[in-house]
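> The numbering of the sequence shown is the numbering used here, which starts it at 41 and goes up by one. Just so it is clear, CB atoms sit at the ideal spot from N, CA and C, and this is done for glycine as well.
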Amino acid sequence: MQRRLADVLHHRSAGLEKGDPVSLPLTTSTSFHLPDVQGAPYIYARNGTPTWAAVEAQLALLEDAEVVGFPSGMGAISAALFATLKAGQRVVLPSDGYYVTRVLSEGFLAPLGVDVVQIPTLDYATADFSGAAVVYMETPSNPGLDVVDIADVCARAHAAGAIVIVDNTTMTPLMQRPLDLGADLVVAADTKAPAGHSDALFGHVAGRNSAQMARVRDWRRLSGAVPGSMEAWLLHRGLETLEVRLERMCASAAVIAVRLAEHEAVRALRYPGLPDDPAHALSRRQMQGFGFLIGMTLENATVAERFLERCPYLVRSTSFGGTHSAGERRARWGDAVPEGFVRLSIGVEPVEALWGAMAEALR
Ligand SMILES: *Cc1c(COP(=O)(O)O)cnc(C)c1O
């Protein structure tokens with residue numbers, strides 16, 4: 041992994057000519073000089089641009105796979121599902137996973153004749169996948185942080201004749217490697233930690249089967265769900281510091297999770313890094329880090345909202361993975377969690393300043 045991370049930083053170096061800009065130029069051109077149609081690296085910006093190519097090269101190094109970029113995480117998820125499913129086939133989805141994936145599947149795949157089956161993430165450990173064409177999973181689940189064994193699910197899904205798609209957003213390729221564990225496709229929202237500054241939407245699909253990836257690429261070109269150049273450029277910049285940001289975020293989350301778990305105001309705490317968390321043993325085996333997300337349950341909705349209101353270092357927003365720590369009471373969206381459940385995303389603030397503010401707000 042160390043080698044891959046260094047290569048991400050230097051992926052343009054070998055191709056630089058004397059006088060070339062060292063940092064990636066932002067190319068906004070939609071058309072490319074095309075005196076004849078043979079052999080041009082770029083033709084028209086819906087097919088590809090130098091800025092996408094650069095960010096896809098970084099992501100391909102991180103994933104050790106082919107990568108196709110999309111304008112958002114949902115853009116990537118839609119592409120993976122529409123590229124792999126046909127009428128009459130079945131997809132299995134996590135009932136406790138990212139809710140937009142479920143709404144998309146029910147609203148658009150089901151009316152086209154796809155059988156959409158939802159089961160809780162923990163049930164993937166024992167589910168019978170026979171009859172499924174696609175088994176779609178998300179681990180750790182968002183926001184409950186339940187973890188399921190990717191290699192085991194892949195083995196059973198493949199034996200049943202299904203392919204496996206893993207939403208790897210919460211871990212990133214630095215902390216969890218679903219393709220190495222047998223998954224066919226990875227989907228991810230780079231909007232979160234990879235872009236990392238809460239200012240760009242982006243997503244990608246990664247895979248090692250060229251035929252599957254060609255279909256994903258065709259979906260992008262034909263549906264027109266293409267990333268913007270500016271967003272690709274921002275993600276390229278964000279990826280250069282992803283490792284150092286994650287190091288701070290995860291180290292701080294580990295410190296804060298221990299202190300929250302011991303705090304009298306906290307009714308329940310989920311963080312895969314805590315030795316007594318139900319997901320700890322599997323997380324240790326399957327992940328290369330425990331992440332920066334913490335699930336904390338306070339007494340009730342009022343206490344939770346008051347905590348968020350009073351903590352100046354927690355942005356009250358619905359995303360995660362940014363430089364700023366953030367918190368949100370998830371029941372306000374109808375997630376199946378207690379009213380006082382708060383999803384915390386730990387950012388890059390110095391940990392004692394952040395903890396001081398959180399402790400004060402809890403008091
Ligand atoms: C945010 C998120 C998505 C969707 O990403 P967008 O860029 O907002 O479309 C998908 N899956 C998970 C787990 C997410 O957290």
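(1) Which runs of the alpha helix (DSSP H) at least 4 residues long sit entirely within the segment 227–270? Give them in chain order.
(2) Should MET114 go down as buried or exposed, given a rule of 16 or more other Cβ atoms within 10 Å for buried?
(3) For ASP136, which three-state DSSP category applies?
(4) Can you determine whether any heavy atom of ligand 1 sits closer than 6 Å to the C-beta of TYR164, and answer yes or no?
(5) Taking DSSP as the reference, what is the three-state secondary structure of SER71?
(6) Would you list the one or two residues that DSSP bridges to ASP207?
(7) Less than 7 Å between the beta carbons of SER323 and PHE360, yes or no?
(8) Should SER71 be labelled buried (16 or more other beta-carbon atoms within 10 Å of its own) or exposed?
(9) Give me whichever residues DSSP pairs with THR212 in a beta bridge.
(10) Would you please state the rounded distance, in angstroms, between the beta carbons of LEU241 and SER112? I believe it to be under 8 Å.
(11) Reducing DSSP to helix, strand and coil, say where MET336 ends up.
(12) Under the three-state reduction of DSSP, which class applies to GLN326: helix, strand or coil?
(13) Could you give the DSSP three-state label for ILE386: helix, strand or coil?
(14) Which residues in the same chain as ALA191 place their Cβ atom closer than 6 Å to its Cβ, once the five residues preceding and following it in sequence are excluded?
(15) Hey, would you say GLU178 sits closer than 7 Å to GLY137, going by beta carbons?
(16) Identify which residue in PRO90, VAL143, ALA197, LEU185 has its Cα closest to the Cα of TYR164.
The short version:
(1) 250–263
(2) buried
(3) coil
(4) no
(5) strand
(6) GLU178, VAL227
(7) no
(8) exposed
(9) Paired residues: none, contrary to the question.
(10) 4 Å
(11) strand
(12) helix
(13) coil
(14) LEU221, GLY222
(15) yes
(16) ALA197
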